[in-house]
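>
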Amino acid sequence: MVMTQRITVLGATGSIGDSTLAILAAQPQHYSVYALSGYHRLDKLLTLCQQFLPKRVSVPSAAIDDFAQRLSAAGLDIDVVGGEKGLIDIATDSQADTVVAAIVGAAGLPSTLAAARAGKRILLANKEALVMAGQVMMNAVKIYNATLLPLDSEHNAIFQCLPLAIQQDNMQIHQSSHGVRKLWLTASGGPFLGQSFAQMQQASVAEAVKHPNWSMGQKISVDSATMMNKGLELIEACHLFDLPENKINVVIHPQSIIHSMVEYSDGSYLAQLGSPDMKTPIAHALSYPDRIDSGSQPLDLYALSGLEFVQPDLQKFACLRLARQAMKAGTQATIVLNAANEIAVAAFLDGRIRLTDIADINEQSLNDIQLPPLNDTADIDDILAIDKIARHLTDRLVAKLV
Ligand code: NAD
Ligand code: MG
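Residues in the sequence shown are numbered consecutively from 100, following the numbering used here.
1. Using the rule of at least 16 other Cβ atoms within 10 Å of the residue's Cβ for burial, across every protein chain shown, is Phe-408 buried or exposed?
2. In three-state DSSP terms, what is Leu-400?
3. Can you have a look at Ser-160 and say buried or exposed, based on whether 16 or more other CB atoms are within 10 angstroms of its CB?
4. Determine the closest residue to Thr-433 out of Ala-228, Ile-221, Leu-248, with distance taken between C-alpha atoms.
5. Give me the residue from Ile-115, Leu-120, Ser-114, Gly-113 with the minimum Cα distance to Arg-105.
6. Just the residues with CB closer than 7 Å to a heavy atom of ligand 2, in chain order, which are they?
7. For Thr-285, which residues does DSSP report across the bridge?
8. Flag Met-377 as yes when its Cβ comes closer than 7 Å to any non-hydrogen atom of ligand 1, and as no otherwise.
9. Taking Cβ to Cβ, would you say Ala-307 is nearer than 8 Å to Pro-290?
10. Sorry if obvious, but does the Cβ on Asn-225 come closer than 7 Å to a heavy atom of ligand 1?
11. Return yes when at least one heavy atom of ligand 1 lies under 7 Å from the C-beta of Cys-202, else no.
12. One question on the structure: do Ser-157 and Val-180 come within less than 8 Å of each other, judged by their Cβ atoms?
13. Have a look at Asp-478 and Glu-183 and give me their C-alpha separation to the nearest angstrom.
14. I'd like to know if Gly-174 contacts chain C, where contact means its C-beta is closer than 8 Å to some C-beta of that chain.
15. Taking all protein chains shown into account, decide if Met-100 is buried (16 or more other Cβ within 10 angstroms of its Cβ) or exposed.
16. For Ile-334 and Ala-173, I'd like the C-alpha separation in whole angstroms.
17. Give me the Cα-Cα distance between His-139 and Val-279, rounded to the nearest whole angstrom.
18. Which of the three DSSP states, helix, strand or coil, is assigned to Gly-113?
19. Would you say Tyr-138 touches ligand 1, meaning its beta carbon is less than 7 Å from a heavy atom?
20. Mapping the DSSP letters down to three states, classify Thr-246 as helix, strand or coil.
21. Excluding the 5 residues flanking Asp-481 on each side, which residues of the same chain have their C-beta closer than 7 Å to its C-beta?
22. With Ile-351 and Gln-431 assumed to form a contact (beta carbons below 8 Å), what rounded beta-carbon distance in angstroms separates them?
23. For Leu-282, which of Pro-353, Val-321, Ala-370 has the nearest alpha-carbon?
24. Would you list, in sequence order, the uninterrupted alpha helix (DSSP H) runs of no fewer than 4 residues that lie entirely inside the segment 250-336?
25. Determine the direct distance from the alpha carbon of Gly-204 to that of Leu-135, and round the result to whole angstroms.
26. What residues match up with Gln-371 in a beta bridge as DSSP calls it?
27. State the CB to CB distance for the pair Ala-162 and Leu-141, rounded to an integer number of angstroms; the pair is presumed to be in contact (CB under 8 Å).
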């Protein structure tokens, strides 16, 4: 009998959760859902419980009793846990093999790190976990013999273009490069690529979250509009592949067909291509080293023409410049940048600030919040302490603007 892989999906009610569960539903012979978590849309979580019959589910602490009642009214016997403890509980449960880390933002860090320390196979969408705690995360993966597979389409593309030896050595290119010279992260340029800074200044929330190629959650959609997303991905790539920021280039490729590239010393560039659909990288990571049907649309190569490549404008997309600055400064700075950005994006989505204020707030936070470098023994509590300070001070910067 073929064993099924038992999967826990953290952030099951979101966009990555949707794509993941669509694949799992289509491949019941390979996968079963062991646990799910949701935070905001609990009606949707209830429907997912009815469909996938997980053994456990995690909700916000305040919702545990109510959700348990709703499950039993629906005739379902599912263990309900809650809050950060509940997330950690299901992320480390010995009954699950694989943890899909798809919570958005810093909220995903403790459970993702706990999954690494439990030696899980982690499919990582929650890039903020690496931006805040890259070194701690990568050390935990090594020490506890966990497996980390990137879901972010760019990092997944790079992973696919790397030699097997590097794939199997926790992606650590720096250790033994096998001829890898550089990585190229592609970026769509977001909805404002062809527009002026002045037009970007006037952007409504609806315009900012309307991505030309990808359908995603609100926070990452705003991050794509400011190109902070590519900045966060640059930092993510530095940790994932153990490279300094100057070995990673960003190129705008508006068609989002090439998902990223690896440049080799002999002049070869290996690229991964595909429709802009997260089901492809998710299916790759779920089945690695095999391949399964993802359900994404095949590329119509005859209809494709004119793949373009453009250098990003770092004045218009200052967040990308800030990410390099923070990466060079150290982890304390990347934590501040991530926290400031989460606060600023939330303020934009609430209609309190303009889209272009996000970069200004991020820059001011980075410059104002000067902290000593974290030492090698820094752990999650030290990281969360910096995150808290940065959120508090950024809240004040936002309040001054509104
Ligand atoms: P989303 O907003 O659609 O979903 C986020 C999920 O996290 C939801 O299930 C939500 O309930 C949960 N959540 C939110 N706040 C929480 C909290 N405080 N505690 C616990 N759970 C909480 O986001 P998404 O677009 O699916 O993105 C998820 C992650 O994947 C992000 O880190 C994003 O950068 C990354 N990612 C997304 C895409 C994409 O196409 N959507 C692509 C690459 C990477
Ligand atoms: Mg990406």
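All residues carry an ideal CB built from backbone N, CA and C; glycine is no exception.
Taking the structure as given:
1. Within the sequence shown, the letter at position 309 stands for residue 408. The residue is exposed, with fewer than 16 neighbouring Cβ atoms inside 10 Å.
2. To locate residue 400, count along the sequence shown from 1; it is residue 301. Of the three classes helix, strand and coil, the one that applies to Leu-400 here is coil, per DSSP.
3. Translated into the one-based positions of the sequence shown, residue 160 becomes position 61. So Ser-160 ends up on the exposed side.
4. The sequence position of residue 433 within the sequence shown is 334, counting from 1. Nearest of Ala-228, Ile-221, Leu-248 to Thr-433, Cα basis: Ala-228.
5. In the sequence shown, residue 105 corresponds to position 6, counting from 1. Of the candidates Ile-115, Leu-120, Ser-114, Gly-113, the one whose C-alpha sits nearest the C-alpha of Arg-105 is Leu-120.
6. Asp-251, Ser-252, Glu-253, Asn-328, Glu-332
7. Looking up residue 285 in the sequence shown gives position 186. DSSP, once it has assigned bridges, lists Val-350 as partnering Thr-285.
8. For the purposes of this step, residue 377 is identified with residue 278 of the sequence shown, where counting begins at 1. Because some heavy atom of ligand 1 lies under 7 Å away, the Cβ of Met-377 counts as near it: yes.
9. Here residue 307 refers to the residue found at position 208 of the sequence shown. Here residue 290 refers to the residue found at position 191 of the sequence shown. Result yes, Cβ atoms of Ala-307 and Pro-290 sit closer than 8 Å.
10. Taking the sequence shown and counting its residues from 1, one reaches residue 225 at position 126. Answer for Asn-225: yes, Cβ within range of ligand 1.
11. Within the sequence shown, residue 202 is the residue found at index 103, counting from 1. The residue you asked about is not Cys; residue 202 is Ile in the sequence shown. Yes - ligand 1 has a heavy atom lying nearer than 7 Å to the Cβ of Ile-202.
12. As a first step, residue 157 must be located in the sequence shown, where it is residue number 58. As a first step, residue 180 must be located in the sequence shown, where it is residue number 81. In this structure, Val-180 lies closer than 8 Å to Ser-157 by Cβ.
13. As a working mapping, residue 478 is identified with position 379 in the sequence shown. As a working mapping, residue 183 is identified with position 84 in the sequence shown. Cα-Cα distance, rounded: 17 Å.
14. Looking for chain C here will not work: only one protein chain is present.
15. Indexing the sequence shown from 1 puts residue 100 at position 1. Because Met-100 sits at a pLDDT of 49, beneath the cut-off of 50, its placement in the model cannot be relied upon, and the following sentence gives the value as read from the coordinates. Classification for Met-100: exposed.
16. In the sequence shown, the residue the question calls residue 334 occupies position 235. In the sequence shown, the residue the question calls residue 173 occupies position 74. Those two C-alpha atoms are separated by around 44 Å.
17. For the purposes of this step, residue 139 is identified with residue 40 of the sequence shown, where counting begins at 1. For the purposes of this step, residue 279 is identified with residue 180 of the sequence shown, where counting begins at 1. Cα-Cα distance, rounded: 42 Å.
18. Along the sequence shown, read from residue 1 onward, the residue named residue 113 stands at position 14. Gly-113 falls in the coil class under three-state DSSP.
19. For this step, residue 138 is matched to residue 39 along the sequence shown. Yes, Cβ of Tyr-138 sits closer than 7 Å to a heavy atom of ligand 1.
20. Looking up residue 246 in the sequence shown gives position 147. Three-state DSSP puts Thr-246 in a strand.
21. Residue numbering aside, residue 481 sits at position 382 when the sequence shown is read from its first letter. Same-chain partners within the cutoff: Leu-473.
22. Locating residue 351 in the sequence shown gives position 252, where the first residue counts as 1. Locating residue 431 in the sequence shown gives position 332, where the first residue counts as 1. Wrong, their Cβ atoms sit about 30 Å apart, outside the cutoff.
23. The residue labelled residue 282 in the question sits at position 183 within the sequence shown. It is Ala-370.
24. 252-260, 263-267, 296-300, 304-307, 317-325
25. On the sequence shown, residue 135 is found 36 positions in, with the first residue counted as 1. On the sequence shown, residue 204 is found 105 positions in, with the first residue counted as 1. Cα to Cα, the separation comes out at about 18 Å.
26. Stepping through the sequence shown from its first residue, residue 371 is reached at position 272. Note: Gln-371 sits in a beta bridge opposite Ser-359.
27. As a position in the sequence shown, residue 162 is number 63, starting the count at 1. As a position in the sequence shown, residue 141 is number 42, starting the count at 1. The Cβ separation is near 6 Å, so the contact holds.
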